[in-house]
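Worksheet for the structure shown next.
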Amino acid sequence: MTENTQPPANGPHSAPADLPTQYTPADVEGKLYERWVERGYFEADEKSEKDPYAIVIPPPNVTGSLHLGHAFEHTLIDALTRRKRMQGYETLWQPGMDHAGIATQNRVERELAKEGTSRHDLGREAFVERVWRWKAESGGTISGQMRRLGDGVAWSRERFTMDEGLSRAVNTIFKRLHDDGLIYRAERIINWCPRCLTAISDIEVEYQDDDGELVSIRYGDGEDSLVVATTRAETMLGDTAVAVHPDDERYRHLVGRRIDLPLTDRSIPVVADAHVDPEFGTGAVKVTPAHDPNDFEIGRRHGLPQLTVMDEHAVITAPGPFQGLDRLEARSAVVGALREEGRIVAEKRPYQHSVGHCSRCHTTVEPRLSMQWWVRVAPLAKAAGDAVRDGRVAIHPKEMSSRYFEWVDNLHDWCISRQLWWGHRIPVWYGPDGEVRCVGPDEEPPTGPGWTQDTDVLDTWFSSALWPFSTLGWPERTDSVAKFYPNSVLVTGYDILFFWVARMMMFGLYAMDGVPPFHTIALHGMVRDQFGKKMSKSFGNAVDPLDWMDAYGSDAVRFTLARGANPGVDVPIGEDWVQASRNFANKIWNATRFALLNGATVEGPLPAAEEMSATDRWVLSRLNSVVAEADAYYDDYQFAKLSDALFHFAWDEVFDWYVELSKTTFAAGGRPAEVSRRVLGEVLDVTLRLLHPLIPFVTEELWTTLTGGDSVVVADWPKDSGFRDAAAERELDAVRQLVTEVRRFRADQGLQPGQRVPATLDLGETGLAAHEPAMRALLRLEPAGEAFSATATLPVAGAVVALDLSGAIDFAAERKRLTKDLAAAEKELAQTTAKLGNEAFLAKAPDHVVAKIRTRREAAEADIARITEQLAKLPA
RNA sequence: GGGUACAUAGCUCAGUGGUAGAGCGCCGCCCUUACAAGGCGGAUGUCGGCGGUUCGAACCCGUCUGUACCCACCA
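In the working numbering, each residue carries its 1-based index in the first sequence increased by 3.
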């Protein structure tokens, strides 16, 4: 369809026939988004009187592009903020991006490599300039994708972690932490990536089980010898001791003595240390303080020298035959040399053990002794834990809190310095006489000969930790900070609970005088494929959300994601499901089209209940229940249940029943038709508004056409009017059951759906007389005389449908069906009778349960009577 | 080694004590004048195994098996 994409209607039910019979997302999505932005709907006013509702975007890496995980997260955030906006809050969805230190630097370095140059050739300043240029050129990818998705973010407030203001925030907090003694410099064993050439923090290390080889090596000679085992043989060059457990009888005689270290001319002491597990291996451990975190600690306890034998590239520096070899080459060379000396006591054997890899490039991490900057996290983490413990911050779903506590309660100090060029440079200067000066944002750095600035930059997460307030202008005391801090909710994946969430908590509480950065943390899961498998490029199941948005529309992608979003649980998504969501959008489209063709309207007040048919009252009663239900689900971040409830209400109840039943009313005309037109308008109006946060585009297009309103984006959020009509609901339940039963009967008899059948419809004492015309229409029943062939199974007491099947009835099939029904009813009767004969049950079960069982028994009895009668009437 | 989840229809998942549900898929009949991206009807499960508590268990308790993820300085 290419026609009919003109601007939205300028009045209620204008030109309904203009709507094409199929919804084409591409025709409306782009233009609607641009209109929303032009009209400033997404902008936030910090001076507004309205209550604030603020959510920050988890800033995507500038290097990145939108993947389904983003699409998912954005759908949830967008839905939350759109609803709050409709509810009359001053909403801020804060957009922005993260400079992603290592990732971005790696990316640009790869480009340079292709050009045959390197960052070292360029020099620091030129390189950083180059990264900025790269950011300017390709950093906008995500913004474009966010527009496609419909993200209602405040574009004028877009921020970047390296912006001047945010850098000032970083500097401010660094200075403050430093002066408070919470940032310090120390030489320790850190995780070193020999490819990225930088330190990385503990949580940037990904452990996986790798196949290694455990070799056993004899140290020393004769009685003065023992055997140690290792998977990193090359580190023996840096051994400065062997450790055994203090209580280990086997080695007691050796403690305090020195033994010869093979391949070297050194001898090393045997020390006793409780860290050694005497049960493991030989019970003797080689100690390499400069290349292993445990050994570092042992070395500290025993005053051992720290002998560095590898450089930053993990190349051996120890003088001798191994010098210049890479760690892996050195490993086999060392083992070979040891074997020649007869030092290998057990052949090397395969050994699976946990090995750390750089989370950015997957290179095996090398523990390395070096001087770095650290954050003393204990006091900060304590506060972060307490804020959740005492309920000031709620984690949703609450099962996730245990993970959070596990981390904040057992935290090691955080290594924040990175040996990179792209990032916030550490604001510390070193003087000629060993002075160290931390320079705050309003201070001049020291000048003069010999003063140099620290060459390292800060961990990316240092600046992300300030995101909830740095984006609002902090450290200035801006109105935005006052209005939107703390944020209302943080919506993010459980996978960055530690990387990001916990650190925002620590820094937020610290910087903002103990006020945590948000009231609620709503954690979602990871997007997976339709079989629940992790999406990854290497596995070949990764999907570009743009492909699906192109094919099925953004609404379809959003709705599918929302529909799978159970709190904290991973979300599978498959193309078939997106297609189904597209079908839903199309269904809404066509239902609205039908409504417009039939004169549905939102003008004027709703007619009085007395004027309405039971069908009208039923649908309005259900509508209001659904409004209440939707509110409860939104408030509880239950997107899957929310989507499901709206889907089924709209499709099953409104489209399949109310719309179908109303056809008869419309055809008859008169006042009842007028009333139904207004009711149908109301139902669609409210339903579209309820759905808008999830599927903004199609609802906007339809709602503006239906109501003539400016935009559903700024329409009022529906309120439960309190209208309920239990009697009408029961009545329509009966109608629906009855119609379904007759349809089943017809299908069983092989009647074609469209085939008209002479029939009498005797609704007896059911009180459903008013529905007879509609039911006859739905069932394709023609008026009939005396003819009688069979009766349908009737779930509503007192109703009889006599269908004249003109001799075409299949008596055998009917007998079979009735017999089956009879058996089921008899089983039901037996079950309920047994239950009601159970004294213990009657004594202990609540009244409503007992009553329910009674009703079931009565129904079973009635069924048996009726079916028996019908069976008797069937010709043999 | 510690921790947290999870095992329900072919697939992906809801369902926290009272007759087993949804979407997709599947079978059958229909282009019934909003929609075939649709309509109507239908089939499909000893709710992982074994015990226990209870009048009653998918649900609570114990245990076993299997899976996923997180944390941890196991040479």
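All C-beta atoms in this analysis are idealised placements derived from N, C-alpha and C, irrespective of residue type, glycine included.
- Proximity to Thr78 across Ala730, His695, Trp720 peaks at His695, based on C-alpha coordinates.
- Secondary structure within the stretch 720 to 782: the alpha helix (DSSP H) runs of 4 or more consecutive residues, fully enclosed, are 729 to 751, 775 to 782 (chain order).
- In terms of Cα proximity to Ser467, the closest of Trp135, Phe75, Lys823, Ile176 is Ile176.
- By alpha-carbon distance to Gly672, the top candidate from Thr708, Phe700, Ala603 is Ala603.
- Looking from the CA of Cys361, the closest CA among Ala106, Asn64, Gly840, Phe700 belongs to Ala106.
- Restricting attention to alpha helix (DSSP H) runs no shorter than 4 residues, the stretch 282 to 351 encloses them at 296 to 305, 330 to 343, ordered along the chain.
- Contact between Phe521 and Val492 holds: CB atoms are separated by about 6 Å, below the 8 Å threshold.
- DSSP places Gln211 in the strand class (E or B) of the three-state scheme.
- The beta carbon of Ala554 lies closer than 7 Å to none in the same chain, with the five residues before and after it left out.
- Excluding sequence positions up to five before and after Phe597, its CB lies within less than 8 Å of the CB of Val662, all in the same chain and listed in chain order.
- Between Ala47 and Glu93 the beta-carbon gap is near 6 Å, inside 8 Å, which marks them as a contact.
- According to the DSSP assignment, Leu383 belongs to no beta strand (DSSP E) but to the alpha helix (DSSP H) extending over 381 to 392.
- Non-local beta-carbon contacts of Thr495 in its own chain, meaning distances under 6 Å to residues more than five positions away in sequence, involve Pro61 in chain order.
- Per the coordinates, the alpha-carbon of Leu414 lies some 54 Å from the alpha-carbon of Thr707.
- Here Arg160 is buried, its C-beta having at least 16 other C-beta atoms within 10 Å.
- DSSP, reduced to helix, strand and coil, places Leu180 within a helical segment of the structure shown.
- In this structure, Arg692 places its C-beta atom within 8 Å of the C-beta atom of Trp720.
- Counting only the Cα atoms, Glu685 lies some 18 Å from Asp634.
- Within the stretch 400 to 454, the complete alpha helix (DSSP H) segments of 4 residues or longer fall at 404 to 411, listed in chain order.
- Going by DSSP, Pro370 is part of no alpha helix (DSSP H) but of the beta strand (DSSP E) stretching over 369 to 378.
- Taking the Cα positions, Ala843 is about 12 Å away from Pro849.
- If you ignore the 5 residues before and after Val581, its C-beta comes within less than 7 Å of the C-beta of Trp551, Tyr555, Ala559, Val560, Thr563, all in its own chain and listed in chain order.
- When only Cα atoms are considered, Glu49 and Val484 end up about 8 Å apart.
- No residue range can be given for Tyr92, since it is assigned to no beta strand (DSSP E) and is classified by DSSP as neither H nor E.
- Our two residues, Phe510 and Val173, have alpha carbons roughly 11 Å apart in a direct line.
- Looking at the DSSP output, Tyr56 sits in a beta bridge with Thr94.
- For the pair of segments examined, the stretch 645 to 658 was found to touch the stretch 618 to 627: the number of CB pairs separated by less than 8 Å reaches three.
- Rounded to the nearest angstrom, the Cβ distance from Pro430 to Val411 is 27 Å, too far for a contact under 8 Å.
- Burial state of Gly607 is exposed, judged by a 10 Å Cβ sphere holding fewer than 16 other Cβ atoms.
- Look at Ala603 here: in three-state DSSP terms it is coil, with no helix or strand label.
- Annotated three-state conformation of Val717 is helix, per DSSP.
- Taking 8 Å as the cut-off, the beta carbon of His248 is found no closer than this to the beta carbon of Val290.
- Residue state for Met529 is assigned as coil, using DSSP reduced to three classes.
- With contacts defined as CB atoms closer than 8 Å, Ala525 and Tyr640 qualify as a contacting pair.
- Between Ser665 and Tyr44, the gap from beta carbon to beta carbon reaches 8 Å or more.
- Residue environment analysis places Thr243 among the buried positions, since at least 16 neighbouring C-beta atoms fall within 10 angstroms of its C-beta.
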